[in-house]
Amino acid sequence: MPSHIPHYGRVSRLLHWGMAALFGVQFITAIAHFAFPDTALEAAVWGTHKPLGALLMLLIVLRLVWAVVDRTRRPASVNLAASLGHLALYALMVAVPLVALLRQYGSGRAFAPFGILLMPGFEGEIEWMTAVGGIFHGLLGWVLLALIVGHVGMALLHRRMAGEDVLVRMLPRLGTHPDTGGR
Ligand code: HEM
Ligand code: HEM
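For reference, each letter of the sequence shown is one residue, going 5 to 187 in this note's numbering.
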């Protein structure tokens, strides 16, 4: 039965931990912008927020596609709350950069993350787009951060529960495994 396979596969783990690291950087830049405006810290890190956010948007789309393709091979969630929590993480991972890109587009200003011209820009502004982004981007961004903190907390808490150490499912396979011969 697929649900008895105890580990996430290599691609899922790479996406999970790679993106966790990038989200860490993304939130450091957001916190610098929010809590330390006009300081050397903000000046040093805020410039990466938009390009890194755009890269995260791309990775999230790839991760979503992979989650669908891989769904029958993944370990089952420990309970309904875990399923709903992961679903909410996915929803916010999409919504947060999406509304920011919508606002960016609506502003009419050109946008070229990493020198790649994504939005050439135009005269004027599309007000509903800038309004939606203005209201929701930061707000939902902080909700996502709160959810991530809860997610990490629950992963650590589950280590103490018998038979529910979900963290090992996201770590490399140790020892031999019938599927993979060790890795
Ligand atoms: C998953 C990716 C992203 C996350 C987690 C994220 C998170 C955040 C957070 C928490 C804030 C609030 C900071 C504050 O209140 O000062 C913020 C602000 C901002 N973000 Fe992002 N962001 C992401 C992607 C993007 C993208 C793709 C863009 C633009 C292309 C962008 C542009 C901005 C701008 C201009 C602000 C300052 C204005 C505001 O608070 O809305 N972000 N971001
Ligand atoms: C130190 C940080 C983190 C730890 C310790 C951690 C731990 C875990 C663990 C143990 C699982 C497997 C849970 C299970 O099978 O029931 C998991 C899955 C998941 N995690 Fe994390 N996580 C971290 C960071 C993040 C971040 C930053 C995000 C998103 C922004 C995230 C999103 C997810 C999602 C959506 C899943 C479901 C499986 C998947 O699609 O990858 N995690 N995490």
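Cβ atoms here follow ideal geometry from the backbone N, Cα and C, with glycine treated the same way.
| Asked | Found |
| --- | --- |
| Glu131 versus Leu102 - alpha carbon distance | 16 Å |
| Of the residues Ala85, Ala39 and Ile35, the one placed nearest Gly154, counting alpha carbons only | Ala85 |
| Residue closest to Ile32, alpha-carbon to alpha-carbon, out of Gly57, Tyr12, Arg17 and Val72 | Gly57 |
| Residues of its chain near Phe126, where Cβ-Cβ distance is below 6 Å and the 5 sequence neighbours each way are ignored | Gly112 |
| Ser16 vs Trp50 beta-carbon contact at 9 Å | no |
| Backbone CA spacing between Thr184 and Arg14 [nearest angstrom] | Because Thr184 sits at a pLDDT of 46, beneath the cut-off of 50, its placement in the model cannot be relied upon, and the following sentence gives the value as read from the coordinates. Computed Cα separation, rounded: 11 Å. |
| Distance CB(Ala48)-CB(Ala36) smaller than 9 Å | yes |
| Three-pair Cβ contact test at 8 Å for the stretch 137-156 versus the stretch 107-123 | yes |
| Exposure of Arg187, with buried meaning 16 or more beta-carbon neighbours within 10 Å | In this predicted model, Arg187 has a pLDDT of only 40, less than 50, meaning its place in the structure is not dependable; the value taken from the coordinates is given anyway. Burial call: exposed. |
| Near ligand 2: Ile32 beta-carbon under 8 Å from a heavy atom | no |
| Whole-angstrom distance between Ala99 and Met133, CA atom to CA atom | 14 Å |
| Among Val65, Ala34 and Leu59, the one whose alpha carbon lies nearest that of Phe118 | Leu59 |
| Reduced DSSP secondary structure (H/G/I, E/B, other) of Leu93 | helix |
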